[in-house]
Amino acid sequence: MKHTIALLMVASCAWAGAQEAARPIPAYNTYLVAPYSIDAARGLARALATRLNAELPPEYQLEYRPIPRTRLHAAELSKDERFEGVVLFIAPRFVGDPYMTRYLWSKPLFVDCNLLISGRMQPIEYEGAASLVGRRFAGVRGYRYELIDQMAVTRRLQREDSQDELSGLQKVGLGRADFTVVPYTIYAHAAADKELGSLLHVASRAHQCFTRRILIGKATPPGLLKAINQAIDTMAADEHWRALLGSYHLDLDVLAQWTAHPPADGQVVEVRGNAVR
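Under mature numbering (1 follows the signal peptide of the UniProt record, and there is no 0), the letters of the sequence shown match residues -21 to -1, 1 to 256, in that order.
Now the structure itself:
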């Protein structure tokens, strides 16, 4: 009887350990607008989490969680080395980790560019700070904007925040703001709506280019970073994944150009037809 009880206890402990090992790892997405988030079931961020789960070992399964950037900073990233999740499609500078030491970082997913978007009736060509003085900027709550944040603090421009990038584009299209800064990946999807796209002007110079990666908390299980990097390598060579990106109105040729010639963060680059020259 004692032997049976001992075996049951060992089995129970093993089962509990397996359950703990298989506990899903939160995978946060702060881009709550298309193409990253379309509805409860669709979006590029959810698709990335699903595809990663298909490539990762069972002990590293991710649980997709949409969250506003402000809440992510306040409730999760403030834990620093105790943060136990991952953040999808983020850039180190966007979370105050430009030297990639505060968190672990995956290999690049792709290079994106923040485009400066103004109204077609009053277009702005971006030539640095001087072209933005006195303007009304439509930002997103919790987002950090290189150069623009400093100009807002010194009152050289007026920053008015909305809940997401699409709201900023709509403000600009309706003339309620002079310009906004939106990633190419989001603009390309939004501009597929011809009515909205016809109201907007893309400056010939991008505001900033950056590399999208996956942030990995230092309190996540050992080996997760290596497993995610291996999954990224597999996905990069997969035509089905590339086709999925294309279904979200992402120009893969443009993304390839940016990946092949990645400008440094903050560098002003020229854009022609949404392609970097």
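Don't be surprised by glycine CBs; every beta carbon is placed ideally from N, CA and C. Note that the structure is a prediction, hence the values are computed from the model and not measured.
Through-space distance from residue j to residue i, alpha-carbon basis
i    : j    : result
Q137 : V66  : 30 angstroms
A117 : G225 : 28 angstroms
Y227 : D18  : 13 angstroms
R61  : N93  : 31 angstroms
K205 : L178 : 44 angstroms
M79  : D59  : 13 angstroms
N208 : Y82  : 15 angstroms
K90  : S183 : In the sequence as displayed, the identity of residue 90 is Val instead of Lys. Computed Cα separation, rounded: 18 angstroms.
R21  : L223 : 12 angstroms
R155 : D232 : 33 angstroms
L145 : V119 : 9 angstroms
V74  : K173 : 33 angstroms
P3   : K197 : 16 angstroms
G147 : I46  : 19 angstroms
L23  : D140 : 24 angstroms
Residue i classed as buried or exposed, judged by whether at least 16 other C-beta atoms fall within 10 angstroms
i      : result
I(-17) : Reliability of the predicted coordinates at I(-17) is poor, the pLDDT of 49 falling under 50, and no value is obtained from them.
V112   : exposed
P77    : exposed
D143   : buried
T159   : buried
P36    : exposed
Q129   : exposed
D157   : buried
A57    : The sequence shown places Ser at residue 57, not Ala. It is exposed - the Cβ of S57 has fewer than 16 other Cβ atoms within 10 Å.
T133   : exposed
Close beta carbons around residue i, own chain, < 8 angstroms, minus the five adjacent residues each side
i    : result
S110 : I103, E104
H219 : none
G202 : Y39
H180 : I96, S97, G98, R99, P102, I103
Nearest-angstrom beta carbon gap, residue j and residue i [assumed within contact, 8 angstroms]
i           : j    : result
I96         : V151 : 6 angstroms
residue 257 : F68  : Residue 257 is absent from the model: the chain starts at -21 and stops at 256.
R48         : T9   : 4 angstroms
residue 265 : A70  : This structure does not reach residue 265, given that the chain is present from -21 up to 256, and the question cannot be answered.
L153        : W84  : That pair is no contact at about 38 angstroms.
Q187        : E106 : Their Cβ separation, rounded to whole angstroms, is 14 angstroms, which puts Q187 and E106 out of contact at 8 angstroms.
residue 260 : Y7   : This structure does not reach residue 260, given that the chain is present from -21 up to 256, and the question cannot be answered.
Residues of its chain near residue i, where Cβ-Cβ distance is below 6 angstroms and the 5 sequence neighbours each way are ignored
i    : result
P5   : E42, R44, G64
A170 : G176
E34  : A210, T213
Close-in-space but distant-in-sequence residues of the same chain around residue i (CB under 7 angstroms, 5 per side omitted)
i    : result
H168 : A13, P14, Y227, H228
- Message: When you compare the segment 26 to 42 with the segment 153 to 167, are there three or more beta-carbon pairs, one atom per stretch, that lie closer than 8 angstroms?
- Response: no
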